[in-house]
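S.K.: Can you read through this structure? Questions will come right after.
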Amino acid sequence: MVPMWSPSGKWVAFFMNNNPITNSSRRSLEKLERTEQHMYFYSVATDKLMSIQIGTVRPLFVTWPDDDRFLYFVAAAVWSKEEEDAHRAEWKDVINYRQSKPGEGSVIYRMDIDTNNPVLSAKVSIVANVSLLITELLYVPYGQQLVFTSRGRAYEDLDDFEIYSIHLNSSSSSSSSLSRLTYMEGVEQELQLSSDGKHVLFRLWALSSGKVQTTQRRLYSLDLTNGQVDRLGKNFDGLVTQYTVKSGGGVYIIGQLGLNVQIYTQESLTDDAIYRQGWNGTYERFTASSHRAGGPVAFAFSSLERPKEVYLAESIDQLMSAKPITNDNELFTQRVLPQATAYHWKNTADNQVIEGVLHYPPGKFNAKNLPLLVLIHGGPNVASLNELQATWNWATMAATEGWLVLEPNYRGSTGYGDKFLGEIRHRSLSLPGQDILMGVDQLTKDGIADSKRLAVGGYSYGGFLTNWLITQTTRFNAALSGAGGIEHVSGWGTMDLPLLLSYLHGGFPWEVPQVYQSESPIYYMNRVRTPTHIVVGENDVRVDADQSFILERSLHYLGIPVQLLVFPNEGHAIANFPWSGKIKVREELKWLQKYGNQSLSSGCSVKIRSLSIIFTSLSMFISTIYFF
Numbered sequence: 287m288v289p290m291w292s293p294s295g296k297w298v299a300f301f302m303n304n305n306p307i308t309n310s311s312r313r314s315l316e317k318l319e320r321t322e323q324h325m326y327f328y329s330v331a332t333d334k335l336m337s338i339q340i341g342t343v344r345p346l347f348v349t350w351p352d353d354d355r356f357l358y359f360v361a362a363a364v365w366s367k368e369e370e371d372a373h374r375a376e377w378k379d380v381i382n383y384r385q386s387k388p389g390e391g392s393v394i395y396r397m398d399i400d401t402n403n404p405v406l407s408a409k410v411s412i413v414a415n416v417s418l419l420i421t422e423l424l425y426v427p428y429g430q431q432l433v434f435t436s437r438g439r440a441y442e443d444l445d446d447f448e449i450y451s452i453h454l455n456s457s458s459s460s461s462s463s464l465s466r467l468t469y470m471e472g473v474e475q476e477l478q479l480s481s482d483g484k485h486v487l488f489r490l491w492a493l494s495s496g497k498v499q500t501t502q503r504r505l506y507s508l509d510l511t512n513g514q515v516d517r518l519g520k521n522f523d524g525l526v527t528q529y530t531v532k533s534g535g536g537v538y539i540i541g542q543l544g545l546n547v548q549i550y551t552q553e554s555l556t557d558d559a560i561y562r563q564g565w566n567g568t569y570e571r572f573t574a575s576s577h578r579a580g581g582p583v584a585f586a587f588s589s590l591e592r593p594k595e596v597y598l599a600e601s602i603d604q605l606m607s608a609k610p611i612t613n614d615n616e617l618f619t620q621r622v623l624p625q626a627t628a629y630h631w632k633n634t635a636d637n638q639v640i641e642g643v644l645h646y647p648p649g650k651f652n653a654k655n656l657p658l659l660v661l662i663h664g665g666p667n668v669a670s671l672n673e674l675q676a677t678w679n680w681a682t683m684a685a686t687e688g689w690l691v692l693e694p695n696y697r698g699s700t701g702y703g704d705k706f707l708g709e710i711r712h713r714s715l716s717l718p719g720q721d722i723l724m725g726v727d728q729l730t731k732d733g734i735a736d737s738k739r740l741a742v743g744g745y746s747y748g749g750f751l752t753n754w755l756i757t758q759t760t761r762f763n764a765a766l767s768g769a770g771g772i773e774h775v776s777g778w779g780t781m782d783l784p785l786l787l788s789y790l791h792g793g794f795p796w797e798v799p800q801v802y803q804s805e806s807p808i809y810y811m812n813r814v815r816t817p818t819h820i821v822v823g824e825n826d827v828r829v830d831a832d833q834s835f836i837l838e839r840s841l842h843y844l845g846i847p848v849q850l851l852v853f854p855n856e857g858h859a860i861a862n863f864p865w866s867g868k869i870k871v872r873e874e875l876k877w878l879q880k881y882g883n884q885s886l887s888s889g890c891s892v893k894i895r896s897l898s899i900i901f902t903s904l905s906m907f908i909s910t911i912y913f914f
């Protein structure tokens, strides 16, 4: 749950989930512990943290009205103990997949708080039971209503993802009193109220079902007086990563173009977004004074040369003179770090210019004949940026190990326009794969990369592309595949985001089977010669772990060196346990050290098992069974 400031700025409300590790399988019927839960309140005035018991419900989102004395929060609906016992008595642990399960509805609560009591006390009451899954909640004084976003349990039907409202003065406290406010093909998120209180702003992640073209995330305004939806920042051709409502009207837009994420302002619906001069790099977590127009602004910032810190500027016009108010990453300023630069090349098939980030090992900027690691971002609708990350993006660490690291923003990446984003449709891996290989060609042609010391890796969609690239060329000595797909029909059938694959391939598997097959690496595995390291979270519902097992088995049968690491109780992000990420990167670096500097296709023998050998072994096995 996102912590929320109270209207006066005196309190911060939040919920701590003390049991974050659960069985996240889409087929599971989870039984959550019925333990007493607490809502926590931090007092700015006293610097104390206080808690209020709220029963066994687990808040997902909280919204304050214009008064510190009460708030609203939403929690997943749960069966009563009697309902749960009756269900288990009848069904035991059998799962009726599309039947309603515990937690597939929502309950909206009101909490009345006695702020005069030094110990804090509150009364919690139910406002409404809703049959939808609610993800965000926003109090709107206009019409005395709560506005919220809904979602499905998987990204299957875009009608599950919309904006609704429920009037607080309604006598009904059920789904029958809901009003649907949007009919858009995409996922609405990040609800905020305009300064005039009559517009709800939101970002839209457009996911096409075929009717419209998928676009980069955009910013929209919903007029509560007439239901009209308008796009903000129409003149901005990049990705809207965040936004903040301006005091007195208008909005701050944080947007990505190319490698940089910058700040823009828009004063009204009819105005254009205006670029605000700042440093080259990546701005994020931007916030502004809500009480004074033209007041101070705060943000986090980093670039390839500057570690991330929080900054404060006296106004939006003084971004260049912002002062850091944290120094948490000072250690990075004391180390000799890799130098990085933008790198450009052309896909000569259509003359499209591709951009990437090129990281040189420390002390070797502009050196020649370096070992190259191509590290591919996921998404596909994200991008590698001008920023210094000390998290899952380990390009900087790989460079400190002596690798020249290329992070390519292939076709499908954000920040280069909607046409660039959408060109991978029907060529989901082959076109971005071509973009990447031509970048490798250019680096070797320029003498920067050593053609005999090449490696490739990526995670999520970067894993998809890694799996594809090792079937298209034998030039890579080592590969690092993380949570990547290998066969798109089974991927469509098991992932929680089937809309993405049906859009990328132009239809369902039975409508365009040839596209699904032609873009699936599994059907080209006989070409692979690259030793491959694989990692996956055991409970991954975005890219099922079975995809990694299929890849491992294929390489094993082909006699290609392969290692598969499966992380228990981890999902797609592998972020539940700190040691998981550490072990992942540690073992990937070991793999690069072992295989990255030699080509198996030219220097080592690889035992390729032919089908005849497999069939012979199978026949002997069957004969043995009948013999016994």
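Residues 287 to 914, numbered by the working numbering, are exactly what the sequence shown covers, in order. Using N, Cα and C, we set each Cβ at its ideal position, and we do this for glycine too.
State the start and end residues of the unbroken beta strand (DSSP E) segment that holds H645.
M.R.: Looking up residue 645 in the sequence shown gives position 359. That run of the beta strand (DSSP E) goes Q638 to Y646.
S.K.: Taking the alpha-carbon positions, what's the V288 to V348 distance?
M.R.: Taking the first residue of the sequence shown as position 1, residue 288 is located at position 2. Taking the first residue of the sequence shown as position 1, residue 348 is located at position 62. C-alpha separation (whole angstroms): 8 Å.
S.K.: Near E936, what residues of its chain come up, given a Cβ to Cβ distance below 8 Å and the 5 sequence neighbours on each side ignored?
M.R.: Within the shown structure, residues of the chain are numbered from 287 to 914, placing residue 936 beyond reach of any answer.
S.K.: Is the distance from the Cβ of Y646 to the Cβ of L690 below 8 Å?
M.R.: Within the sequence shown, residue 646 is the residue found at index 360, counting from 1. Within the sequence shown, residue 690 is the residue found at index 404, counting from 1. Contact: yes.
S.K.: Answer with buried or exposed for L674, where buried requires no fewer than 16 other C-beta atoms within 10 angstroms of its C-beta.
M.R.: Looking up residue 674 in the sequence shown gives position 388. Buried, since its Cβ has 16 or more Cβ neighbours within 10 Å.
S.K.: Which runs of the beta strand (DSSP E) at least 3 residues long sit entirely within the segment 676 to 720? Give them in chain order.
M.R.: 690 to 695
S.K.: Which of the three DSSP states, helix, strand or coil, is assigned to I860?
M.R.: The residue labelled residue 860 in the question sits at position 574 within the sequence shown. The answer is coil: DSSP assigns I860 none of H, G, I, E or B.
S.K.: In angstroms, rounded to a whole number, what distance separates the CA positions of L707 and T421?
M.R.: Counting from 1 along the sequence shown, the entry for residue 707 is found at position 421. Counting from 1 along the sequence shown, the entry for residue 421 is found at position 135. The straight-line gap from Cα to Cα measures roughly 27 Å.
S.K.: How many angstroms separate the CA atom of R504 from the CA atom of D558?
M.R.: Counting from 1 along the sequence shown, the entry for residue 504 is found at position 218. Counting from 1 along the sequence shown, the entry for residue 558 is found at position 272. Distance between the alpha carbons of R504 and D558: 14 Å.
S.K.: In its own chain, which residues sit with a C-beta less than 6 Å from the C-beta of Y328, not counting the 5 before and 5 after it?
M.R.: Within the sequence shown, the letter at position 42 stands for residue 328. V298 and L335, listed in sequence order.
S.K.: With a cut-off of 8 Å on the beta carbons, I'd call A669 and T700 a contact; round off their distance for me.
M.R.: Numbered from 1 along the sequence shown, position 383 holds the residue referred to as residue 669. Numbered from 1 along the sequence shown, position 414 holds the residue referred to as residue 700. Contact holds; Cβ gap of about 5 Å.
S.K.: When the Cα atoms are used, what is the spatial distance from K609 to A579?
M.R.: Along the sequence shown, read from residue 1 onward, the residue named residue 609 stands at position 323. Along the sequence shown, read from residue 1 onward, the residue named residue 579 stands at position 293. C-alpha separation (whole angstroms): 20 Å.
S.K.: Using three-state DSSP, classify V343 as helix, strand or coil.
M.R.: What you label residue 343 is simply residue 57 of the sequence shown in a count that begins at 1. Coil.
S.K.: Can you list, in chain order, the stretches of the alpha helix (DSSP H) that have 4 or more residues and sit fully within the segment 709 to 777?
M.R.: 716 to 731 and 747 to 758
S.K.: Which complete alpha helix (DSSP H) runs does the segment 777 to 861 hold, if anything under 4 residues is left out?
M.R.: 784 to 791, 799 to 804 and 831 to 844
S.K.: Mind checking whether Y569 and T551 have CB atoms under 8 Å apart?
M.R.: One-based indexing of the sequence shown puts residue 569 at position 283. One-based indexing of the sequence shown puts residue 551 at position 265. Contact flag unset, no.
S.K.: Can you tell me where the alpha helix (DSSP H) with F651 in it begins and where it stops?
M.R.: Counted from its first residue, the sequence shown places residue 651 at position 365. Run containing F651: none; DSSP gives neither H nor E here.
S.K.: Please state whether DSSP places M290 in a helix, a strand or coil.
M.R.: Along the sequence shown, one-based indexing puts residue 290 at 4. It is a strand residue.
S.K.: Please report the straight-line C-alpha distance between G748 and L715, rounded to a whole angstrom.
M.R.: By one-based count along the sequence shown, residue 748 stands at place 462. By one-based count along the sequence shown, residue 715 stands at place 429. Approximately 10 Å, taken between the alpha carbons.
S.K.: Out of K532, S337, G768 and F750, which has the shortest C-alpha to C-alpha gap to V583?
M.R.: Start at 1 with the first residue of the sequence shown, and residue 583 comes out as number 297. For V583, the nearest C-alpha among the options comes from K532.
S.K.: Run through DSSP, which three-state label would S436 get?
M.R.: Within the sequence shown, numbered from 1, the residue matching residue 436 stands at position 150. Strand.
S.K.: Look at the alpha carbon of N763 and the alpha carbon of V364, and state the distance between them as a whole number of angstroms.
M.R.: By one-based count along the sequence shown, residue 763 stands at place 477. By one-based count along the sequence shown, residue 364 stands at place 78. Going from the Cα of N763 to the Cα of V364 covers about 52 Å.
S.K.: With M724 and N633 assumed to form a contact (beta carbons below 8 Å), what rounded beta-carbon distance in angstroms separates them?
M.R.: The residue you call residue 724 lines up with position 438 of the sequence shown. The residue you call residue 633 lines up with position 347 of the sequence shown. About 5 Å; that satisfies the 8 Å criterion.
S.K.: From the DSSP secondary-structure annotation, give me the bridge partner or partners of L525.
M.R.: On the sequence shown, residue 525 is found 239 positions in, with the first residue counted as 1. Bridge partners of L525: Q542.
S.K.: Going by DSSP in three states, L661 sits in which element: helix, strand or coil?
M.R.: For the purposes of this step, residue 661 is taken as residue 375 along the sequence shown, with counting starting at 1. Correct three-state label for L661: strand.
S.K.: Just to check my reading of the structure: T468 and L508 have Cβ atoms closer than 8 Å, yes? What is that Cβ distance to the nearest angstrom?
M.R.: By 1-based counting over the sequence shown, the position of residue 468 is 182. By 1-based counting over the sequence shown, the position of residue 508 is 222. Here T468 really is in contact with L508; their C-beta atoms are around 7 Å apart, less than 8 Å.
S.K.: Helix, strand or coil for R592, going by three-state DSSP, please let me know.
M.R.: As a first step, residue 592 is located in the sequence shown; it is residue number 306 there, counting from the start. Judged by DSSP in its simplified three-state form, R592 adopts coil rather than helix or strand.
S.K.: In whole angstroms, what separates the C-alpha of P795 from that of V380?
M.R.: Counting from 1 along the sequence shown, the entry for residue 795 is found at position 509. Counting from 1 along the sequence shown, the entry for residue 380 is found at position 94. Cα to Cα, P795 sits roughly 29 Å from V380.
S.K.: With a CB to CB cut of under 6 Å and the five nearest residues on each side skipped, what residues in its chain are close to P847?
M.R.: Here residue 847 is taken as the residue at index 561 of the sequence shown, counted from 1. Excluding positions up to five away in sequence, the list reads P817.
S.K.: Can you pull the DSSP bridge partners for Y550?
M.R.: Within the sequence shown, numbered from 1, the residue matching residue 550 stands at position 264. The bridge partners DSSP lists for Y550 are I539 and Y561.
S.K.: Return the bridge partner residues of Y395 from the DSSP annotation.
M.R.: The residue labelled residue 395 in the question sits at position 109 within the sequence shown. Its beta-bridge partners are F359 and I412.
S.K.: Classify Y326 as helix, strand or coil using the three-state DSSP reduction.
M.R.: On the sequence shown, residue 326 is found 40 positions in, with the first residue counted as 1. Strand, per DSSP.
S.K.: Mapping DSSP to helix, strand and coil, what is M302?
M.R.: In the sequence shown, the residue the question calls residue 302 occupies position 16. Coil, per DSSP.
S.K.: Express the C-alpha separation of A599 and L605 in angstroms, rounding to a whole number.
M.R.: For the purposes of this step, residue 605 is taken as the residue at position 319 of the sequence shown. For the purposes of this step, residue 599 is taken as the residue at position 313 of the sequence shown. Going from the Cα of L605 to the Cα of A599 covers about 6 Å.
S.K.: From the DSSP output, read off the bridge partner residues of H453.
M.R.: For the purposes of this step, residue 453 is taken as the residue at position 167 of the sequence shown. Q431, per the DSSP bridge assignment.
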